[in-house]
Amino acid sequence: MAKLKRDERLCPFCAETIKAAAIRCRYCQADLPPVEPEPKVEAGPSEPDEPVEADVLSRPAAPAGDTSRLHGTQPATDEESPAPPPPPPPATTTDESVPPLASRRLTAVLAALAILAAAGVGAAWWQAEHSSAISAPDGTLVGDAPRSEAIVAGADLTQRALSYDYRNLANDMEVAEARMTPSFRKEYKATMAAVRANTLKNKIVLQADVVSSSIIMATERKAQLLVFINQTTSAQATKAQQLDRNSLIITLVRGKGDWMLSDLTALG
Amino acid sequence: MTRALNVVLGLIVVVLVVWLGAFAVRGSLAAPGLTPAEELSEDLSDIRQGARAEAVAFLTLDYRRMDEVTARVLAGATGPFKKQYASSVKTLQQAAVSQDSLAKGYVKEIGVGTFDRDSATVFVSAGSKVKNKGTKGKVEDRTWRIRFNMTKVDDRWLVSQLEFVG
């Protein structure tokens with residue numbers, strides 16, 4: 006008689022060589038208690054396997070006195086049960102009951118999960134590669150359209166803040182203030198209050214022409230721009246005119262709506 | 012056999028799920044290599060670095076070592092600007108030597124206008140501390156507004172056009 010292989014055992018009822026994992030003998034059709042795979046696998050306390058016991062004992066087909074033979078192969082099942090075999094998975098109604106880790110069903114589930122997760126990773130990767138590239142992960146604004154928008158807003162708001170005409174001062178200030186943050190508006194008002202008397206007296210017209218506007222740094226919420234302006238100051242009272250070529254750093258912030266001017270500093 | 016397969020599959024699932032989690036938490040950083048947005052962001056910082064180096068080189072003069080000074084400018088130049096500068100090197104060297112010219116260029120701020128993967132428009136607010144026979148030994152601080160057109164050549168951003176902004 007051939008030696009038993011690792012995955013084989015003898016049927017306790019008919020003594021034929023059967024698969025160790027079998028729960029029904031292929032020769033005598035007797036129901037078999039599942040074999041404990043390795044003693045260490047299920048070391049934790051678990052329910053006594055009464056269902057299995059009951060099943061075996063209540064089988065009318067089981068010949069009398071077979072419990073002793075059962076004991077021979079399965080001492081642990083009956084008596085102390087220190088590590089009873091795990092109850093067969095409810096779904097395993099085929100003729101094989103196997104330890105969970107070796108179950109074909111688990112293979113199928115894992116394969117399905119792997120395919121699903123791979124699809125998810127693939128989709129996320131594809132999205133990362135084909136995103137509209139508005140901003141980099143560090144927040145840097147890189148998209149063409151939003152950058153242009155900030156550049157144009159920077160030019161527009163600088164021009165508004167640095168141009169005024171003594172004949173239209175209130176209106177010019179209103180236009181400028183409309184797109185300033187509250188704190189910068191305060192600063193602007195204070196400055197304008199200080200120059201107001203002189204502006205009216207000397208009939209001053211200030212015209213700021215933006216020569217260039219470019220981005221020092223920008224995220225979707227905050228932008229710093231380098232703005233070159235040529236500012237002409239004409240005092241109509243004295244016919245004097247002056248041209249200043251300035252470099253400015255302006256700061257824009259944005260909530261949900263438009264960019265607002267929050268700071269303006271002249272570079273020396 | 013099945014057991015080994017299950018263990019391997021289980022590991023694959025764990026790795027994929029962790030990776031998926033990384034996408035959820037860190038966004039496109041979880042993608043291997045650089046995404047287009049990351050590449051553009053890298054370009055931006057390379058553009059600024061190249062512009063700064065070239066502006067400083069261009070505004071720096073030292074009549075005692077003009078070869079070194081002009082070589083540095085040419086190293087950051089390409090296209091029309093390189094041609095133009097190369098053709099004026101001799102005149103520049105003679106002028107610097109005859110005037111005992113010393114100038115130390117510096118950059119106040121750099122702004123990038125439009126840019127793509129190969130070209131960029133850059134504005135530089137710069138200055139130079141100049142001393143020569145004309146300044147009578149005094150150091151004069153001059154400010155400049157410069158516009159660069161930059162071109163990417165072999166992964167380096169070089170200045171292809173330079174003009175002073177009036």
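The listed protein sequences correspond, in order, to chains B and U.
Residues 6 to 273 (the numbering used here) are what the first sequence spells out, left to right.
Residues 12 to 177 (the numbering used here) are what the second sequence spells out, left to right.
The C-beta atom is built at its ideal place from N, Cα and C for all residues, glycine as well.
In this structure, Thr163 of chain B lies away from Val258 of chain B, with their beta-carbon atoms at least 9 Å apart.
Three or more pairs of CB atoms, one per stretch, sit closer than 8 Å, so the stretch 183 to 196 of chain B contacts the stretch 147 to 167 of chain B. C-alpha of Ala198 of chain B to C-alpha of Gln241 of chain B: approximately 20 Å in a straight line. Residue pairing by DSSP places Gln247 of chain B opposite B:Thr238 in a beta bridge.
Chain order gives the chain U residues near Thr145 of chain B as Ser52 and Leu55, where near means a beta carbon separation below 7 Å. Apart from the 5 residues on each side of it in sequence, Lys140 of chain U sits with its Cβ closer than 6 Å to the Cβ of Lys115, Val150 and Asp152 in its chain, given in chain order. Residue-level contact by beta carbon holds for Ile254 of chain B and chain U, with a gap shorter than 9 Å. Neighbourhood of Ser136 of chain U in chain B, by CB distance below 7 Å: Leu231, Ser252 and Leu272, in chain order.
For Thr146 of chain U, the closest C-alpha among the options U:Gly177, U:Arg158 and U:Leu113 is that of U:Leu113. As the crow flies, the alpha-carbon of Thr204 of chain B is around 24 Å from that of Ala160 of chain B.
Between Ala228 of chain B and Ile220 of chain B the beta-carbon gap is near 6 Å, inside 8 Å, which marks them as a contact.
At least one C-beta of chain U is nearer than 9 Å to the C-beta of Leu111 of chain B. Within the model, the alpha-carbon separation for Arg156 of chain U versus Leu121 of chain B is close to 56 Å. With contacts defined as CB atoms closer than 9 Å, Tyr74 of chain U and Val100 of chain U fail to qualify as a contacting pair. In summary, the residues of the stretch 156 to 170 of chain U whose CB is separated from some CB of chain B by less than 8 Å are Arg156 and Arg158, in the order they occur in the chain. Leu70 of chain U is not bridged by DSSP to any residue.
In the same chain as Thr237 of chain B, and ignoring 5 residues on each side of it, the C-beta atoms closer than 6 Å to its own belong to Gln212 and Leu248, in chain order. A check of alpha carbon separations from Phe69 of chain U across U:Gly61, U:Arg59, U:Asp57 and U:Val84 identifies U:Val84 as the nearest. If you look at Gln132 of chain B, you'll find it in the alpha helix (DSSP H) that goes Arg109 to His135. In this chain, Arg14 of chain B is not harboured by any alpha helix (DSSP H); it is covered by the beta strand (DSSP E) spanning Glu13 to Leu15. DSSP places Ser130 of chain U inside the beta strand (DSSP E), whose first and last residues are Ser130 to Lys142.
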